[in-house]
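Asker:
Protein chains: 4
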Amino acid sequence: MSRLAPRPQRREPQNWREHLYEIIFEADTRAGKLFDVVLLVAILLSVAVVMLESVRSIRSAHGGLLFAAEWFFTILFTVEYVVRLICVPRPLRYVFSFYGIVDLLAILPTYLTAIPYVAGRAGTQRLATIRALRLLRAFRIFKLAHMLSEAEALRQAIWAARAKIAVFLSVVLIAVVIVGSAMHLIEGGKVDADGRPVVTGFDSIPESMYWAIVTMTTVGYGDVSPSTPAGKALAAGMMMLGYCLIIVPTGIVTAELTHVGAKKLSTQVCPGCMAEGHDADAAFCKYCGTHL
Amino acid sequence: MSRLAPRPQRREPQNWREHLYEIIFEADTRAGKLFDVVLLVAILLSVAVVMLESVRSIRSAHGGLLFAAEWFFTILFTVEYVVRLICVPRPLRYVFSFYGIVDLLAILPTYLTAIPYVAGRAGTQRLATIRALRLLRAFRIFKLAHMLSEAEALRQAIWAARAKIAVFLSVVLIAVVIVGSAMHLIEGGKVDADGRPVVTGFDSIPESMYWAIVTMTTVGYGDVSPSTPAGKALAAGMMMLGYCLIIVPTGIVTAELTHVGAKKLSTQVCPGCMAEGHDADAAFCKYCGTHL
Amino acid sequence: MSRLAPRPQRREPQNWREHLYEIIFEADTRAGKLFDVVLLVAILLSVAVVMLESVRSIRSAHGGLLFAAEWFFTILFTVEYVVRLICVPRPLRYVFSFYGIVDLLAILPTYLTAIPYVAGRAGTQRLATIRALRLLRAFRIFKLAHMLSEAEALRQAIWAARAKIAVFLSVVLIAVVIVGSAMHLIEGGKVDADGRPVVTGFDSIPESMYWAIVTMTTVGYGDVSPSTPAGKALAAGMMMLGYCLIIVPTGIVTAELTHVGAKKLSTQVCPGCMAEGHDADAAFCKYCGTHL
Amino acid sequence: MSRLAPRPQRREPQNWREHLYEIIFEADTRAGKLFDVVLLVAILLSVAVVMLESVRSIRSAHGGLLFAAEWFFTILFTVEYVVRLICVPRPLRYVFSFYGIVDLLAILPTYLTAIPYVAGRAGTQRLATIRALRLLRAFRIFKLAHMLSEAEALRQAIWAARAKIAVFLSVVLIAVVIVGSAMHLIEGGKVDADGRPVVTGFDSIPESMYWAIVTMTTVGYGDVSPSTPAGKALAAGMMMLGYCLIIVPTGIVTAELTHVGAKKLSTQVCPGCMAEGHDADAAFCKYCGTHL
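Sequence order for the protein chains is V, F, C and G. Be aware that the first sequence starts at 326, since it is given in my numbering, and climbs by one per residue. Be aware that the second sequence starts at 326, since it is given in my numbering, and climbs by one per residue. Be aware that the third sequence starts at 326, since it is given in my numbering, and climbs by one per residue. Be aware that the fourth sequence starts at 326, since it is given in my numbering, and climbs by one per residue.
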């Protein structure tokens, strides 16, 4: 809850580094908001370039343009990275933070492709694709708007339900292993007339587990599907189980969200014991009895 | 909420234009209701004609009949459009409103197919299909019945949850791009024995993203599916993520709807005991028996 | 609500017809419960016979046994039908009730297959399959146990949400028609090198609508799937829409169920105005103010 | 609820058997927790061995290593099983309990594969796969952490909704049988030009029911899908039904979970104003300030 607590009165930035910090890392001022919007557009465009470059026909037709755009964005992000390093109070902490690593991964691959030795060993295509991780930088947009508190509420609801979700996932995974093994017994190990093994997609437990996950999550590609009556019966049973199981996590998060939403807490702080989190309809502190 | 507030006492229509307006645009009077029902039936029949016309065998067998029906409905809707223009107080505002544009799109294509030059350039089939947009006019039926307040309640719940839904969709789309890129790395870029590229459905990031959306929404066509062990493992992980992610929006709207539904209490305060939270249909306080 | 109201003191059955009625139509006495259990087992077994008979290999191997079992159950159900007719106070009303028609459909097809003329025209296989409707009789089991009130609560929740569900289905169907038409435009009407039409599964609007329903409900067979980039983009958009739309009905019924569950109503009847449905915590009738 | 009630003051273990019991069967002491963690790791590793052994290529490459690991885990689990038998107060009751049987099934297959006669009749591969049931032992991990109360809450919510779920599953299964039979009528029984039956996947009612379950649970493999217009229309109708039906169980469990979650109020009544419904952590009445 402390994240949502009213911030202490912010002091004015004193020098150019603090000014820069405010613009780049915060979104309270007009310059800060503008910077975030420009950055977001640059990120989305640079990811679009990565995507287009992966399409063979576009790459061969507009290769030069995409190459130029790629270097433009890389240099832009490099300048931004350096400025972030300069204006942040503790640069090393930023470098090893989540966003610090993502910011570095956004620019590194392009430089590496320019080194023939690295590009040869790692594969230009491989390095190029890693740049798609750039999009992770877009998570910063939540900072921009009223979406921060919504994202926070969602995060809290999921966090509050984490133990229930862990229990649920354990049950699902155990069911996947058991049913996957059973299907391997029933459908796997077929041989054709010449005694050679037939590929059924249930030829090992891991492959059967892949099928079990595809089925239980109701994705159902159909690249692997049972062919024997016993296998079909077990598959049908598993689908019904998956159909019933899917409702459990839904209920969990809904109940947590309803709880979070229903707890109409007042923002009052008890003058007697400084306790927070009173119900909106409370007239007295529920911890010490002081009149609110 | 202002939309649901009781309307002020409606004054009687004064002349034929106001009478027509009442019949065509409102659904309070018997004539107005009848008009809406007849219009709805005409819309549904005309959309059925569009559908049947798109089936090759029916078109060749009953082409003349469908052609006649099409022109009958087009002329009917044209008359209706003109009448709407005449009786509405501000015609220009109607023309550029959502329903005004839909009403125009419902009649324009048929006239355009009669102009050889346009039909030749745009394609008769293309113009014919656009007429299916006619069905959008059917949204007016919500006006007819008690469905309006229900539709309004749903719209409000979704609107109230719009920021949460935006956060959710951002997370989903970022996951789609990241996983799509990873699958492109793992499954794409295969070559056969002769060194020619093999079509796997993961040959570019956009194609991989199409697969990622198909998988994450649990649709799972199976037209594209991973074939390598690493790809299958990543796909299985993504399915579990999608299985867990799908619960979040469900919870969001449910919590909002529960909130909207719970609000159906009257705002009256008991003059006897000052208790609140009476049912909207209560005439007496349920705690002390005082008349409300 | 009247169904759940406490029944008036039941008077003892006076003669054999009332005794029979009590056994066959009710489930309060021991004989009545036993009858229902025996009937349920007979229904399930007879449906199993219908199923087994439809499997070619079993039919050719055990045809005689299945034929005998079929006639055994048909005669059993015929006797039951006649007894029901005898002991029910108003036979005609029973004959034309839902269960009366289902009871008749459960025995008629077997007799019809014995008439060569009918069997020849309608098809023995066709008549045999209709017998599966017998299973509808199993709905009577809800009468057996505490499941009646649960089934009633579910029915009420769905009934209470019927207008919201109608709005939801209208929106889904309109989306299906619009997107189906758009896909017909984008993917349909292909011709091969010789100018002959290629079957794509989008060759008419109804076929495209079938695809749209398969996609929107996240079933995703994959027997029809888009092949052009524009079609894939539209399909991806529709999946995201379906992914978001599916949450709405879930929320609707959940909110109604939560409401039904939370409305802890007392079974008290107001001595002043005979009104029912008071809150469990009400001390005074909320309609007339009488002390409860 | 009695399971969650505070346990009576535990007495200190008196001898080595009670000490062993505490370590092996409970997770309150440090030694007990360590034992559980080590056991969990051993279970997961042994299941991984079973999985890897089922992959042909890994089996042929590292067969000896896997064989050794398998016997290592089997002997480890055998020792554990014997120690459990020794230290448990009533050994016979443990042997026939759920975990007792699972513990035995975890070690038996490996010994059986060593007996040539049994291995020859039952199949080594078959016996090897049964060992995957070992994973069921992992359910004991819920004992380890705060997950026990969460798992218990989930179990209670599902248990409370069991009658509603039974009603729901009955409706689904009856719909599956009816629609499956109808599809068998519509799509089945096709013959080709030579009069020989064509395999459509709807050739018997059980096969059609398999399709109906695959469709209704929105899995949608596509290995069986309708080909006639009537079949597609019925399939589309069933999908819409499944799309609407899936929301019902979701709502059921959510409503139950919300109920369970909402119950977290204390049962205390304020001595000052007799108000109820205080939070479990409240020390003072929130309406009048009296000490509770």
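We put the CB at the ideal spot given by N, CA and C, even for glycine. None of the values given here were measured: they were computed from a predicted structure.
I'd like to know whether the C-beta of M565/C is nearer than 8 Å to at least one C-beta of chain F.
Answerer: At least one chain F Cβ lies under 8 Å of M565/C.
Asker: Skipping 5 residues on each side, what residues in its chain have a beta carbon closer than 6 Å to that of S506/C?
Answerer: I530
Asker: Is it buried or exposed, I368/F, if we count other Cβ atoms within 10 angstroms and call 16 or more buried?
Answerer: buried
Asker: Going by beta carbon distance, what residues of the same chain come within less than 6 Å of M541/V, once the five residues before and after it are set aside?
Answerer: G567
Asker: Of all the CB atoms in chain V, is at least one closer than 8 Å to the CB of Y419/F?
Answerer: Not closer than 8 Å to any Cβ of chain V, the Cβ of Y419/F fails to qualify, so no.
Asker: Quick one: using the 10 Å Cβ neighbour count with 16 as the cut-off for buried, is P545/G buried or exposed?
Answerer: It should be pointed out that residue 545/G corresponds to Gly in this sequence rather than to Pro. Classification for G545/G: buried.
Asker: Taking DSSP as the reference, what is the three-state secondary structure of K588/C?
Answerer: At K588/C the pLDDT is 43, less than 50, meaning the model places this residue with poor confidence; the figure from the coordinates comes in the next sentence. K588/C: coil per DSSP, three-state reduction.
Asker: Shorter than 8 Å from the beta carbon of G547/F to some beta carbon of chain G?
Answerer: It does: the Cβ of G547/F has a partner Cβ on chain G nearer than 8 Å.
Asker: Under 8 Å Cβ to Cβ from L391/F, same chain only, skipping five residues before and after it: list those, please.
Answerer: V374, L377, E378, I383, R384
Asker: Assuming E512/C and G556/C are in contact, meaning their beta carbons sit under 8 Å apart, how far apart are those beta carbons, in whole angstroms?
Answerer: Rounded, the Cβ-Cβ distance is 5 Å, consistent with contact.
Asker: Determine, using beta carbons only, whether T579/F comes closer than 8 Å to chain G.
Answerer: yes
Asker: Please name the residue or residues paired with P522/F in a DSSP beta bridge.
Answerer: V516/F
Asker: With C412/V and L365/V assumed to form a contact (beta carbons below 8 Å), what rounded beta-carbon distance in angstroms separates them?
Answerer: 20 Å between Cβ atoms; not a contact.
Asker: Report the residue from P551/C, A500/C, H387/C whose alpha carbon sits nearest the alpha carbon of D528/C.
Answerer: P551/C
Asker: What span of residues does the alpha helix (DSSP H) with G547/C cover, start to end?
Answerer: No alpha helix (DSSP H) contains G547/C, which DSSP labels as neither H nor E.
Asker: Does the segment 444 to 458 of chain F touch the segment 431 to 442 of chain V, meaning 3 or more C-beta pairs lie closer than 8 Å?
Answerer: no
Asker: Counting only beta-carbon atoms, is T543/C nearer than 8 Å to chain G?
Answerer: yes
Asker: If the cut is a Cβ gap below 7 Å, which residues of chain G does R451/C touch?
Answerer: L510
Asker: At the 8 Å Cβ level, is I483/G part of the contact set with chain C, yes or no?
Answerer: no
Asker: By DSSP, does I348/G sit in helix, in strand, or in coil?
Answerer: helix
Asker: Can you round the beta-carbon distance between A491/V and E581/V to whole angstroms, since I take them to be within the 8 Å contact cut?
Answerer: Wrong, their Cβ atoms sit about 14 Å apart, outside the cutoff.
Asker: Would you check if the distance between the CB atom of R462/G and the CB atom of V427/G is smaller than 8 Å?
Answerer: yes
Asker: Taking all protein chains shown into account, do 16 or more other C-beta atoms lie within 10 angstroms of the C-beta of Y535/V, making it buried, or fewer, making it exposed?
Answerer: buried
Asker: At a Cβ cut of 7 Å, what residues of the segment 345 to 358 of chain F count as close to chain V, listed as they run along the chain?
Answerer: none
Asker: Got a sec, what are the start and stop residues for the alpha helix (DSSP H) L377/G sits in?
Answerer: 355 to 379
Asker: Determine the burial state of L510/C: buried for a count of at least 16 other Cβ atoms within 10 Å of its Cβ, exposed for fewer.
Answerer: buried
Asker: For V523/F, which residues of its own chain have a beta-carbon under 6 Å away from its beta-carbon, when the five flanking residues on both sides are left out?
Answerer: Closer than 6 Å at Cβ, skipping near neighbours: K515, D517.
Asker: For T579/C, name the three-state secondary structure that DSSP assigns.
Answerer: helix
Asker: Can you tell which of V549/V, F423/V, R415/V, V502/V has the C-alpha that lies nearest to the C-alpha of G526/V?
Answerer: V549/V
Asker: Could you tell me the distance, in whole angstroms, from the CA atom of A500/G to the CA atom of V420/G?
Answerer: 42 Å
Asker: Can you list, in chain order, the residues of its chain whose CB lies under 6 Å from that of V504/C, leaving out five sequence neighbours each side?
Answerer: A537, M563
Asker: List, in order along the chain, the chain F residues whose C-beta lies closer than 8 Å to that of K515/C?
Answerer: Under the 8 Å cutoff, chain F gives no residues; its nearest Cβ is about 12 Å from K515/C.
Asker: Please identify the residue among A558/C, E405/C, L401/C whose C-alpha is closest to the C-alpha of S533/F.
Answerer: A558/C
Asker: Mind checking if V561/F is an interface residue toward chain V, Cβ cutoff 8 Å exclusive?
Answerer: Looking at the sequence itself, residue 561/F is Ala, so the reference to Val does not match. Yes, contact with chain V.
Asker: Leaving aside the five residues before and after L401/C along the sequence, list all residues of the same chain whose C-beta is less than 7 Å from its C-beta, in chain order.
Answerer: A367
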